[in-house]
Amino acid sequence: MIIDCRNDGRRSTRDAWITDVLATYANDHHPAHEYLREDGDWATVSRHELLDQVRSAARGWRAAGLGPGDRVALEATDPHVFVPAFLGALWAGAVPIPLPPVTRRAAWDAQVAAMGRIAQPEAIALRAGTEPPKDCGRPIVLDEVIAARPDDTPPHRPAPDATAYIQFSSGSTGFPRGIQARVAAVVANGLAIMRDGLRSDPATDRGLSWLPMQHDMGLVGFVLAPLFVGVPVSFVPTRFFVRDPGLWLRAMSDRRATISFAPNFAFALSARRTPAEEIAALDLRHVRVLGCGAEPINHAVLQRFLDTFAPTGLKPEALMPCYGLAEATLAVTLSPPDRRHRVDHVRTAELSAGQAISADAEPVGQTTVADEESAESATPAQPQPADATETLVGCGPPLPGHRIAIRDTDGDDLDERAVGEIWVHGPSVADTYLDTPPETLSTFRPDGWLRTGDLGYLADGELFVTGRVKDLLILNGRNVDPQRVEWLAESVPGVRAGGVVACTRPGPQSEELVVVAECRTPEDPEVVPSVRESVAAALGLPVHDVVTVAPGTVPRTTSGKPRRQETRRRYLEGALHVQQG
Numbered sequence: 001m002i003i004d005c006r007n008d009g010r011r012s013t014r015d016a017w018i019t020d021v022l023a024t025y026a027n028d029h030h031p032a033h034e035y036l037r038e039d040g041d042w043a044t045v046s047r048h049e050l051l052d053q054v055r056s057a058a059r060g061w062r063a064a065g066l067g068p069g070d071r072v073a074l075e076a077t078d079p080h081v082f083v084p085a086f087l088g089a090l091w092a093g094a095v096p097i098p099l100p101p102v103t104r105r106a107a108w109d110a111q112v113a114a115m116g117r118i119a120q121p122e123a124i125a126l127r128a129g130t131e132p133p134k135d136c137g138r139p140i141v142l143d144e145v146i147a148a149r150p151d152d153t154p155p156h157r158p159a160p161d162a163t164a165y166i167q168f169s170s171g172s173t174g175f176p177r178g179i180q181a182r183v184a185a186v187v188a189n190g191l192a193i194m195r196d197g198l199r200s201d202p203a204t205d206r207g208l209s210w211l212p213m214q215h216d217m218g219l220v221g222f223v224l225a226p227l228f229v230g231v232p233v234s235f236v237p238t239r240f241f242v243r244d245p246g247l248w249l250r251a252m253s254d255r256r257a258t259i260s261f262a263p264n265f266a267f268a269l270s271a272r273r274t275p276a277e278e279i280a281a282l283d284l285r286h287v288r289v290l291g292c293g294a295e296p297i298n299h300a301v302l303q304r305f306l307d308t309f310a311p312t313g314l315k316p317e318a319l320m321p322c323y324g325l326a327e328a329t330l331a332v333t334l335s336p337p338d339r340r341h342r343v344d345h346v347r348t349a350e351l352s353a354g355q356a357i358s359a360d361a362e363p364v365g366q367t368t369v370a371d372e373e374s375a376e377s378a379t380p381a382q383p384q385p386a387d388a389t390e391t392l393v394g395c396g397p398p399l400p401g402h403r404i405a406i407r408d409t410d411g412d413d414l415d416e417r418a419v420g421e422i423w424v425h426g427p428s429v430a431d432t433y434l435d436t437p438p439e440t441l442s443t444f445r446p447d448g449w450l451r452t453g454d455l456g457y458l459a460d461g462e463l464f465v466t467g468r469v470k471d472l473l474i475l476n477g478r479n480v481d482p483q484r485v486e487w488l489a490e491s492v493p494g495v496r497a498g499g500v501v502a503c504t505r506p507g508p509q510s511e512e513l514v515v516v517a518e519c520r521t522p523e524d525p526e527v528v529p530s531v532r533e534s535v536a537a538a539l540g541l542p543v544h545d546v547v548t549v550a551p552g553t554v555p556r557t558t559s560g561k562p563r564r565q566e567t568r569r570r571y572l573e574g575a576l577h578v579q580q581g
């Protein structure tokens, strides 16, 4: 089955590029950005000031010997430095490659070196005092780039099919892959998101983001797309959110921000760790969109989030589940902003067999809008496995100009409600990976279709995502999405949200289920049996081994997603730091 959304989706090549937009800011003193500083104050930058910053950085890049087509890797740690540096590179015609912030030095060196081998940058720009890794291009001090005096050199105007920047995927199922983001694709996706998906209004909307800017949701969603329509954005450094998750919604309340996005784990973390007295002080009545994407979406987490923050005036229809990937620039689907997101109650047994059969009273094939009944069903008594159901979250229809197909392993279209691989087609889709010809041929098809590697189904015009092809577990002849096992384990007190991996180990007759869980209370004897009971009750599956480990043990991507294959490898090699089993 294919869902096609073409109304006004084809953008003209005359649509302005980022630098064309910035060039109009010479006498515009409306707010463009603001940045949260270490001292807790906000630094506001007008559009005119942003233009000056971009021109300064462009001159700095030229002074460093970089011009049109030259690739430069740059550190994406501090928004007030990265944003003008990145935009300045576009102004100068250079091709920026965002790098993750420096954390664990040895791991960072290895990752950046691997990215460098793929992208082959002419230079690498890091903050003052940061030692560059070897063989990643000549070093440049990023602080010196943005400190140059601005000049009136006009912006570079790239061709629509030129590479604007290089985006690395998150690498949740392997090493990150380099994606060439074409100018036309970025324009198409940015406009589709802001105009069609969010229906944004620069007079009333304000974005707010703490997301890592080396990843598509932070970079495209908040650095680039808002500029196309003039929506101002407030930036919070990612590390601020990591040490204080409550800061996200406090900032939304304080800055009167109307639009923000985050992965599923951030909603779980905020609901779990925000104290009642802090919630009482929040005012979120103005929030129009809280998007949720970048990883599988747990309905129970979203409902818990809504219940927790109901006293703030947060409207249920503000939650906007979505689906996208870096290979499609950013967004593919967005739930409509004027209604509650859709949910689908399906039978677990049939879902494991590849069919999303409705368990609701409505006829098979019908979805329902999330309502009070679904709120009550978010935490039901555990059903018997034979009667088990699951509640899946709809991610909305495709953006204008884009198509979604659900296909089997042979590439044939499947019927509605049949689970298969998600394929995407549209003006936002890339056409190649850097330095990976076999993966390019299998992922980017000659007819323009993209094989995403994600699993899902279509129902009533919306996409429902169920998992990843590479992560699928085969247990006793059943297809089991590891995310569902992980969500059940995360519901156990003491287990960290976002710190669980479900995988398999070889057994005497077939693969056996293993759960690796980060725990806040290492010695709690109730965790292991509780995880086993939770999974068995909901899915009818025995967990052969529960391994509890210290927080931070589970390997993650630079965007915080658990790396399941790497976790399994370490488990099988006995390389995990085990607390108890």
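Residue numbering for the sequence shown follows UniProt numbering, beginning at 1 and increasing consecutively.
The beta carbon of each residue, even a glycine, is placed where N, CA and C say it ideally should be.
Just so we're clear, the structure is a prediction, and the values are computed from it rather than from any experiment.
Excluding five sequence positions before and after Asp216, the CB atoms of its chain that fall closer than 8 angstroms to its own CB belong to Gln167, Gly324, Leu325, Ala326, Thr329, Leu330, given in chain order. Within the segment 415 to 466, the complete alpha helix (DSSP H) runs of at least 4 residues fall at 437 to 443. Sixteen is the threshold: when 16 or more other Cβ atoms of the shown chains lie within 10 Å of the Cβ of Val72, as they do, the residue is buried. Here the alpha carbons of Gln565 and Val95 stand approximately 32 angstroms from one another. Membership of Glu511 in the beta strand (DSSP E) is indicated by the continuous run 511 to 519. DSSP places His544 in the coil class of the three-state scheme, outside both helix and strand.
As a beta-bridge residue in DSSP terms, Leu334 pairs with Cys322. When Val81, Pro226, Gly221 are compared, the shortest CA-CA separation from Ala16 is found for Pro226. Within the model, the alpha-carbon separation for Cys136 versus Arg55 is close to 26 angstroms. The C-beta distance from Gly453 to Val469 rounds to 5 angstroms, short enough to meet the 8 angstroms contact threshold. For Ser234, the secondary structure class from DSSP, reduced to helix, strand or coil, is strand. Taking a contact as a CB-CB distance under 8 angstroms, the pair Gly190 and Phe228 counts as one, their CB atoms being some 5 angstroms apart.
Judged by pairs of C-beta atoms under 8 angstroms, the segment 483 to 498 touches the segment 260 to 268, as three or more such pairs exist. Fully enclosed alpha helix (DSSP H) runs of no fewer than 4 residues occupy 142 to 146 of the segment 120 to 158, in order along the chain. Leaving aside the five residues that flank Ala353 on each side, the residues in its chain whose CB is nearer than 8 angstroms to its CB run, in chain order, Arg478, Asn479. Burial of Arg47 is indicated by the presence of at least 16 other C-beta atoms within 10 angstroms of its C-beta. For Trp42, DSSP records a beta bridge to Leu36. The continuous beta strand (DSSP E) containing Asp344 extends over residues 342 to 347. Using a 10 angstroms sphere on the CB of Gln509, the tally of other CB atoms stays under 16, which defines it as exposed. In chain order, Ala76, Pro79, Phe82, Pro98, Leu219, Val223 place their CB closer than 7 angstroms to the CB of Met213, counting only its own chain and leaving out the 5 sequence neighbours on each side. Non-local C-beta neighbours of Asp52 in its own chain, meaning closer than 8 angstroms and more than five positions away in sequence, comprise Pro150, ordered along the chain. If you ignore the 5 residues before and after Ala388, its C-beta comes within less than 8 angstroms of the C-beta of Arg347, Thr348, Ala349, Ala538, Leu539, Gly540, all in its own chain and listed in chain order. Rounded to the nearest whole angstrom, the CA to CA distance from Trp487 to Ala550 is 18 angstroms. In the DSSP assignment, Ala328 falls outside any beta strand (DSSP E), carrying neither H nor E. Of the candidates Asp41, Pro84, Leu126, Pro133, Pro133 places its Cα closest to the Cα of Ala106. Relative to the Cα of Thr409, the nearest Cα in the group Gly401, Arg417, Ile422, Pro400 belongs to Ile422. When DSSP states are grouped into helix, strand and coil, Gln565 belongs to the helix group. Bounds of the alpha helix (DSSP H) holding Ala58 are 47 to 63. Val527 and Ala489 have their C-alpha atoms roughly 9 angstroms apart. Nearest in C-alpha terms to Gln483, of all of Thr466, Arg199, Leu441, Arg520, is Thr466. In the three-state reduction of the DSSP assignment, Asp410 falls in the coil class, being assigned neither a helical nor a strand state.
The residue among His29, Val332, Thr548 with its C-alpha nearest the C-alpha of Glu49 is His29.
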